[in-house]
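In this note's numbering, the protein residues as written are 2 to 262. Glycine included, each C-beta is placed from N, C-alpha and C at the ideal position.
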């Protein structure tokens, strides 16, 4: 058995995540469902998502659309209360260096764009959709490996612009000094948030209810740290109605390092 909740992996959140998982574990046990005592923090994310013994993991909207939706059970979506978004939805922020004089997204059409991963909804797909609405796509691109690394590259002048998950940005602002060197250019349109998934044979209603009760039992301080308001149901069809960027949107991109969503 395996469970992993690594999408918003900041050291400051690990104790709260562990306690959150312990509550979920106990609720599952009350239904007669066994699960790991602790969260996996080292396995490759895609291996976790496709593990036949997966109890619970969080994935990203784009990999769910591309290769997971027929191989896993969609459990539900945590709602992080993102401003100007419906429950369970989120958006991304385009960021630039604070000393960059360009003010609008279109002004960056010739800029060096960095993003976390090829299969990232928040870092790539949302950026692609928004840029195309503005009549362009970045010709110069580099893969950073993680949202935090993208922020570091923009802050250090190694890249001009990046598109960052709004929830990750919340933690970047809280737990790092990077915000002093960065400003927000614009926000993307909302899309369904990062869903919880389980193995294809999982009982969706039991796992959903276990998470719901765990959130109700989680102490207020830890709930505030994680930023999760509730778990909501967003349909599979809603996730699948969003388009993936075409393959040539990332053809020839330079890669810095492997990392996380």
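At the level of alpha carbons, what is the spacing between residue 81 and residue 192?
13 Å
Less than 8 Å between the C-beta atoms of residue 11 and residue 172, yes or no?
yes
Would residue 113 and residue 186 be called neighbours here (beta carbons separated by less than 8 Å)?
no
How far does the alpha helix (DSSP H) with residue 131 in it extend, from its first residue to its last?
127-134
Residue 245 to residue 94 span [Cα, whole Å]
19 Å
By how many angstroms is the C-alpha of residue 221 removed from the C-alpha of residue 229?
11 Å
Rounded to whole angstroms, what is the Cα-Cα separation between residue 99 and residue 132?
21 Å
What's the call for residue 219, buried or exposed, on a 16-neighbour Cβ count within 10 Å?
buried
Whole angstroms are fine: how far does the CA of residue 175 sit from the CA of residue 163?
19 Å
Quick one: what's residue 5 bridged to in DSSP?
58
Cβ-based burial, residue 136 [other Cβ within 10 Å; buried from 16]:
exposed
N- and C-terminal bounds of the alpha helix (DSSP H) containing residue 86:
Segment: none, residue 86 is in no alpha helix (DSSP H) and carries neither H nor E.
Length of the line joining the Cα atoms of residue 44 and residue 3
10 Å
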